[in-house]
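Taking it in order: structure first as structure tokens, then the write-up.
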Amino acid sequence: MKILNDEERNAHWNAVLRQGAIGTAVGLGVSAGLVTWVKRKQPLRWRSFNTSVKTAMWVMPTVTIGAFFADEGSVKFDEQMHRSDYLNQQETEKLEQWNKLSTADKIFTRVNENKYKLIISAWALSLWGSWHIVNKDKYMSTTQKAVQARVYAQAITVALLLGTVLLSMHEQELKKKQPPPVPEWKKFLDEQESHKKEHAKLRKTEDLEQKSLEKKSDEKKELLKEGAKESL
Numbered sequence: 192m193k194i195l196n197d198e199e200r201n202a203h204w205n206a207v208l209r210q211g212a213i214g215t216a217v218g219l220g221v222s223a224g225l226v227t228w229v230k231r232k233q234p235l236r237w238r239s240f241n242t243s244v245k246t247a248m249w250v251m252p253t254v255t256i257g258a259f260f261a262d263e264g265s266v267k268f269d270e271q272m273h274r275s276d277y278l279n280q281q282e283t284e285k286l287e288q289w290n291k292l293s294t295a296d297k298i299f300t301r302v303n304e305n306k307y308k309l310i311i312s313a314w315a316l317s318l319w320g321s322w323h324i325v326n327k328d329k330y331m332s333t334t335q336k337a338v339q340a341r342v343y344a345q346a347i348t349v350a351l352l353l354g355t356v357l358l359s360m361h362e363q364e365l366k367k368k369q370p371p372p373v374p375e376w377k378k379f380l381d382e383q384e385s386h387k388k389e390h391a392k393l394r395k396t397e398d399l400e401q402k403s404l405e406k407k408s409d410e411k412k413e414l415l416k417e418g419a420k421e422s423l
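First residue of the sequence shown: 192, per our numbering; consecutive thereafter.
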């Protein structure tokens, strides 16, 4: 267990407060949006709510999101302060690889890292957009509108799947350009060998310094002996 000093405790507390404040602001925004939506879409139900329910609609999202952000801030602070050298080395290697990429490859990498989020978001938007467009037709029945919206959504889904395939193909091409990854066991052995060499070099330097001191001490003793003989 690591014992924290006052500076680390204060820095940790400030990080938690900062992230908690951000989360509280986000939670207030969510609460305001929820309350506004209920007031506009369900005005009668809103009037039927008592004070406790209305208060809970404001407090619960704010407190929950604020606590979540504060906890995330604490975890990230611990990772930054007490992470191992191995993780720092991995981040350094990733940063070096990132800097070697072209602008187009950097954009692709970011898109590829978040492709599932983007695909799900685009799919949800396509469903909403398809229904919003089809729903404007006053001559179609609700069933016909649902069928037509599903056709549009299916077409967009196929396009998204094709986009996923293209991303995977480009990812494979990008990996071919990069040097093959070094196995973790080899990295560990190389690191241990490097430590051994550094230790041996340091030990050799210490031995040389010790011999130099002993030599100077012997020379000093000889000079003292010669001085004593001359005085006699």
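Glycine residues also receive a C-beta, built at the ideal position from the N, C-alpha and C atoms. Since this is a predicted model, take the numbers as computed values, not measurements.
Would the beta-carbon of residue i fall within 7 Å of that of residue j?
i      : j      : result
THR253 : GLY218 : yes
ALA344 : SER321 : yes
LYS336 : VAL325 : yes
LYS297 : LEU358 : no
GLY220 : PHE260 : no
MET248 : VAL266 : no
HIS203 : PHE268 : yes
GLU389 : ASN303 : no
TRP237 : VAL229 : yes
Assign residue i to buried or exposed, taking buried as 16 or more other Cβ atoms, counted over all protein chains shown, within 10 Å of its Cβ.
i      : result
GLY156 : Since the first and last residues shown for the chain are 192 and 423, residue 156 lies out of range.
ALA315 : exposed
SER317 : buried
SER222 : buried
LYS406 : exposed
ALA295 : exposed
ALA340 : buried
GLU382 : exposed
For residue i, I'd like the list of residues in its chain whose CB is within less than 6 Å of its CB, leaving aside the five on either flank, ordered along the chain.
i      : result
GLU410 : none
VAL207 : ALA261, GLY264, SER265
ASP197 : none
LEU286 : none
What residue range is occupied by the uninterrupted alpha helix (DSSP H) comprising residue i?
i      : result
GLN339 : 333-368
SER293 : No alpha helix (DSSP H) holds SER293; DSSP gives it neither H nor E.
ASP328 : That residue, ASP328, is in no alpha helix (DSSP H); it is neither H nor E in DSSP.
GLN210 : 197-232
Keeping to the same chain, check which residues put their C-beta closer than 7 Å to that of residue i; ignore five residues upstream and five downstream.
i      : result
GLU263 : GLN210
ALA310 : Contrary to the premise, residue 310 reads as Ile rather than Ala in this sequence. Taken in chain order, the residues that qualify are LEU351, THR355.
MET192 : Unreliable positioning characterises MET192 in this predicted model, as indicated by a pLDDT of 44, which lies under 50. The coordinate reading is nonetheless provided below. Excluding residues within five positions, none has a Cβ falling inside 7 Å.
PRO371 : none
Report all residues from its chain with a CB closer than 8 Å to the CB of residue i; omit the five preceding and five following residues, and keep chain order.
i      : result
ILE425 : The structure shown does not extend to residue 425, since the chain is modelled only from 192 through 423, so no value can be given for it.
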